[in-house]
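Sequential numbering of the sequence shown, starting at 106, is according to the numbering used here.
One structure below.
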Amino acid sequence: MTTPTVTKTPIHKASINPLQIPKSAKLAVAYFFFMIVPFVMAQLLGMEIEGLYTRLLSAVNLVAMSAFFLQFPLAGRIKPLPLFANIDWGITKHKQFGQYLGVFFFLHPILILLPKAMMSFDDFSVSFVSAITSQHLLTGMLAWLAMAVWVLMSVLKDKLNITYETWRLLHVIGFSIIATLATLHITTVGSHGQYNQQFNVIWWLLYTVCMTLIVYNYVIKPRFIKQHPYAISHVEKINECDWQINIAPTTSNALAYQPGQFVWLNTTGNPYSVEQHPFSIVQGAEQGQLGFIIRALGDYTSSLEQLTVGQTVFVDGPYGSLTLDQSQLASGITLIAGGAGIAPMLSLLRQLEAQQDPRPIRLLYANRNQARMVYVDELVELEKSMSNFKVKLICEQLNVHDESLPRHLVPGLINQTLINTTMTTGKESQWSFYLCGPKGMISATTTHLHQLGITQPQIHFEQLAF
106 MTTPTVTKTP
116 IHKASINPLQ
126 IPKSAKLAVA
136 YFFFMIVPFV
146 MAQLLGMEIE
156 GLYTRLLSAV
166 NLVAMSAFFL
176 QFPLAGRIKP
186 LPLFANIDWG
196 ITKHKQFGQY
206 LGVFFFLHPI
216 LILLPKAMMS
226 FDDFSVSFVS
236 AITSQHLLTG
246 MLAWLAMAVW
256 VLMSVLKDKL
266 NITYETWRLL
276 HVIGFSIIAT
286 LATLHITTVG
296 SHGQYNQQFN
306 VIWWLLYTVC
316 MTLIVYNYVI
326 KPRFIKQHPY
336 AISHVEKINE
346 CDWQINIAPT
356 TSNALAYQPG
366 QFVWLNTTGN
376 PYSVEQHPFS
386 IVQGAEQGQL
396 GFIIRALGDY
406 TSSLEQLTVG
416 QTVFVDGPYG
426 SLTLDQSQLA
436 SGITLIAGGA
446 GIAPMLSLLR
456 QLEAQQDPRP
466 IRLLYANRNQ
476 ARMVYVDELV
486 ELEKSMSNFK
496 VKLICEQLNV
506 HDESLPRHLV
516 PGLINQTLIN
526 TTMTTGKESQ
536 WSFYLCGPKG
546 MISATTTHLH
556 QLGITQPQIH
566 FEQLAF
């Protein structure tokens, strides 16, 4: 076995540039340009639409349809392409855009018939009946109905009594069907497509790319992953709700990753299975191993005791941008972890120690109670071995009258006061913040940071809630 390749991040002593454009903003701009390509092509082809309302609706339809196709790469886990490799950002936008697109496509036939309704009820009635009975519009009607059903399934997925894996499979199949029907509709009935076959090439190319991505993710990629299997080398329940899982490669190829990144783990033994779960990497204690701290919270994690040493697992990754690359220009770093969110923070701390980083490094590690804290001994030792590192353990349930409590323990929740104590006065704008933990903690902590004057480019987080 070989040791996993861990990419080191060089230390740069400088201050954060307040004019620096956040990576998320760059991604948003890139996706915006992708969205307006069909509209720009329509203008270049000289495709004029009469009437102001019709022109505006046509332009919005073109942008919305291209945004719909972008939903596929946003959730596509396409590691080789940087634009589509930021999984946390991509999935977040995928969810947001999905809801907006669902509302727009629901209104789409209403907006088309609106001018008829404004003329007279009779004109509207005739047009409405014609729309729902015409075979020519059948693909559009089916796509519209399917979109309504699948968007509702996405919004209500947490309330549906089905497993995440089943929902995910239905999600992919459903939107593949919707993409097929919508492409047929826009190229045969659309105000542009029915008159210009050149323009239709754009839609069929976008459709082909999206379907290729699905084939890549569910057929081609698993074949490559199958060639580099891992085996479970260690399984241990380390407290009342957390497990330590280590895996080692069974071939000579080890995973190249940066501390702070994560992978999708597949423990079914079948590389083509849709049952895959994202976990942050913690380097294992032995050569060639990857370690994971996993909190038992859901359907899959509640069955971790069924994993056995020697069991074959498959790894898709690494992914994520929660790395020290984000703080090369920072004068100090604050790490904020909640529960199992300590995993990527521990990786970052180990790298900072290995690099003998002289900057002030602070860790706020929150849990419900002291029994749920993991790797506390190592964190305390890191305080001794690192030149400027301090840790505070925040417990929601803590006996404040116990005089034997270690000095690191603080009662309550992460708040503005605690966060403020981690920064050097006067250098707040030069600080970097890393967050990892439950969704509620991320949201509350981000709000605290903004109220303290911390800007979004200074905040780096991943929720691993896909």
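Ideal placement from N, C-alpha and C gives every residue a C-beta, glycine not left out.
For residue 382, the uninterrupted beta strand (DSSP E) run begins and ends at 382-385, by DSSP. Around the beta-carbon of residue 309, fewer than 16 other beta-carbon atoms lie within 10 Å, marking it exposed.
Here residue 363 carries a coil assignment [DSSP, helix/strand/coil].
Take the alpha-carbon of residue 164 and the one of residue 497: they are about 54 Å apart. Residue 471 is bridged by DSSP to 443, 499. Secondary structure of residue 339 (DSSP, three-state): strand. Annotation for residue 305: the continuous alpha helix (DSSP H) segment containing it runs 302-320.
By DSSP's assignment, residue 398 forms a beta bridge with 349. In the DSSP assignment, residue 421 falls within the beta strand (DSSP E) that extends over 417-424. Nearest Cα to residue 355 within the set 378, 523, 420: 420. The beta-carbon distance between residue 388 and residue 452, rounded to whole angstroms, is 7 Å. This is short enough to meet the 8 Å contact definition. A residue is called buried once 16 or more other Cβ atoms fall within 10 Å of its Cβ, and residue 472 is buried on that count. Three or more Cβ pairs drawn from the segment 357-367 and the segment 452-467 lie within less than 8 Å of each other, which places the two stretches in contact. Counting C-beta atoms within 10 angstroms of its own C-beta, residue 185 has fewer than 16 neighbours from the protein chains shown and is therefore classed as exposed. Contact annotation: the segment 369-377 touches the segment 326-333, with at least three C-beta pairs closer than 8 Å. By alpha-carbon distance to residue 384, the top candidate from 352, 415, 357 is 352. In the three-state scheme derived from DSSP, where H, G and I count as helix and E and B as strand, residue 371 is classed as strand. When DSSP states are grouped into helix, strand and coil, residue 565 belongs to the strand group. Around the C-beta of residue 306, fewer than 16 other C-beta atoms lie within 10 Å, and the residue is accordingly described as exposed. Beta-bridge analysis with DSSP links residue 538 to 439, 564. Considering only 539, 158, 444, the residue with the shortest C-alpha distance to residue 554 is 539. Bounds of the alpha helix (DSSP H) holding residue 289 are 269-293. Taking all protein chains shown into account, residue 263 has fewer than 16 neighbouring C-beta atoms within 10 Å of its C-beta and is therefore exposed.
Residue 337 and residue 418 do touch by the CB rule: their CB atoms are close to 6 Å apart, below 8 Å.
DSSP places residue 515 in no alpha helix (DSSP H) but in the uninterrupted beta strand (DSSP E) bounded by 514-516. The residue from 281, 433, 321, 325 with its alpha-carbon nearest to that of residue 247 is 281. Around the beta carbon of residue 131, a 10 Å sphere encloses fewer than 16 other beta carbons of the protein chains shown; the residue is thus reported as exposed. Note that the C-beta distance between residue 346 and residue 427 is not below 8 Å.
Assignment of residue 547 by DSSP, reduced to helix, strand and coil, places it in the helix class.
Among the bridge pairs identified by DSSP, residue 519 is matched with none. Secondary structure note for residue 244: its alpha helix (DSSP H) is the uninterrupted segment 243-260.
Relative to the Cα of residue 278, the nearest Cα in the group 294, 198, 252, 168 belongs to 252. DSSP links residue 466 through a beta bridge to 438, 494. Distance check between residue 433 and each of 446, 565, 160, 551 places 565 closest, using alpha-carbon atoms only. In the same chain as residue 446, and ignoring 5 residues on each side of it, the C-beta atoms closer than 7 Å to its own belong to 541, 542, in chain order. Contact between residue 441 and residue 550 is confirmed by a C-beta separation of about 6 Å, below the 8 Å threshold.
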